[in-house]
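A short worksheet on the structure shown next.
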Amino acid sequence: MTAVTRIARSHPDELIVGLVSVSDRASTGAYQDQGVPALREWLGGALASPWQAVERLIPDEPARISETLIELVDACGCDLVLTTGGTGPARRDVTPEATLAVGTKEMPGFGEQMRQISLRFVPTAILSRQVAVIREADGHAALIVNLPGQPKSIRETLEGLKGEDGAVLVPGIFAAIPYCIDLIGGPYAETWPEVIASFRPKSARRAPQA
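Numbering (my numbering), first residue to last: 633 to 842.
Shown next as structure tokens:
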């Protein structure tokens with residue numbers, strides 16, 4: 633692997649996000665990847681604080697996936713890594729195994745909540761195997777979350793489900809991500825509440841800037 637330069641923050645609270653699409657066919661150019669563009673678009677509408685992305689498109693190979701996650705966290709300094717694809721039961725679906733291999737703490741609540749959201753639409757949601765982990769390196773840690781492969785499912789799992797009146801029916805997983813990043817020593821990320829209201833206990837909230 634070639635040397636990777638650590639990403640420089642333009643602001644102390646800038647969130648560095650790794651976006652990884654895992655797909656044999658997309659990585660060879662057989663079709664256009666939709667996962668990373670969907671992630672980038674959603675984050676662009678949801679994050680109210682500064683952020684920048686580091687993007688990767690890779691095949692369904694366990695060693696390559698693990699190597700990429702380690703690179704994004706340890707070398708690039710990402711605070712959050714979102715993967716899309718490779719989480720089903722097929723033989724080539726190995727993203728969860730490769731993710732667990734590089735984590736130091738498993739965060740099972742993320743996968744549980746994603747499946748609860750998807751079960752509102754299809755019974756086959758129980759076949760999804762998304763996982764989330766914390767990876768801790770020297771002086772740095774990051775949250776890594778596996779997401780579904782379809783843009784619609786990506787949005788639903790991140791944002792949650794709302795009724796016609798705008799009330800939250802099922803919370804999306806991103807509501808918990810900014811506080812999780814706080815707890816592992818990352819920047820203070822903020823979201824637009826009309827898209828996704830991030831939750832922090834009162835003791836962890838910053839006073840509004842004048």
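Using N, Cα and C, we set each Cβ at its ideal position, and we do this for glycine too.
What you are looking at is a predicted structure, and each value in this text was computed from that prediction instead of being measured.
Just list the beta strand (DSSP E) runs in the stretch 742-787, keeping only unbroken ones of 3 residues or longer that don't cross its boundaries, in chain order.
Segments of the beta strand (DSSP E) lying fully in the stretch 742-787: 764-769 and 772-779.
What is the DSSP secondary structure of S653, counted as helix, strand or coil?
Strand.
Using C-beta distances below 8 Å, list every residue in its chain close to D725, excluding the 5 sequence neighbours before and after it, in chain order.
Here the set comprises D692, G718, T719 and R761.
Alpha carbon to alpha carbon, what distance is there between R723 and R853?
The structure shown does not extend to residue 853, since the chain spans only 633 to 842, so no value can be given for it.
Please confirm whether L689 and W683 have their CB atoms less than 8 Å apart.
Cβ distance not < 8 Å, so L689 and W683 don't count as in contact.
Just the C-alpha distance for V652 and G798, rounded to the nearest angstrom, thanks.
Their Cα atoms are separated by approximately 31 Å.
Might you give, ordered along the chain, the residues of its own chain that have their beta carbon closer than 6 Å to the beta carbon of E822, omitting 5 neighbours on each side?
So the qualifying residues of the chain are A680 and S681.
Under 8 Å between the Cβ atoms of Y811 and S830?
Their beta carbons are under 8 Å apart, which means Y811 touches S830 by this criterion.
In the DSSP output, what is I690 paired with across the bridge?
Looking at the DSSP assignment, I690 forms a beta bridge with V654.
According to DSSP, is I816 helix, strand or coil?
Coil at I816, not helix or strand.
Below 7 Å CB to CB, which residues in the same chain sit around A696 once its five sequence neighbours on both sides are set aside?
With the sequence shown as reference, residue 696 is identified as Arg, and Ala is not the correct amino acid for it. Closer than 7 Å at Cβ, skipping near neighbours: I690.
State the start and end residues of the unbroken alpha helix (DSSP H) segment that holds V668.
Taken as a continuous stretch (DSSP letters only), the alpha helix (DSSP H) holding V668 covers G667 to A678.
From this set, L815, I648, L671 and A764, which residue's C-alpha is nearest E744's C-alpha?
Closest option to E744, Cα to Cα, is A764.
For P621, does the three-state DSSP call read helix, strand or coil?
It is not possible to answer for residue 621, since the shown part of the chain is limited to 633 through 842.
Using the C-alpha atoms, what's the distance from L793 back to M633?
Summary for M633: the model assigns pLDDT 49, below 50, so the residue's position carries little reliability; its value from the coordinates is reported in the next sentence. C-alpha separation (whole angstroms): 41 Å.
Return the CA-CA distance between G818 and I702, expressed in angstroms with no decimal places.
Cα to Cα, G818 sits roughly 17 Å from I702.
Please return the same chain residues whose Cβ sits closer than 7 Å to the Cβ of R638, not counting the five positions on each side in sequence.
Once the five neighbours on either side are set aside, the close Cβ partners of R638 are A707, C708 and G709.
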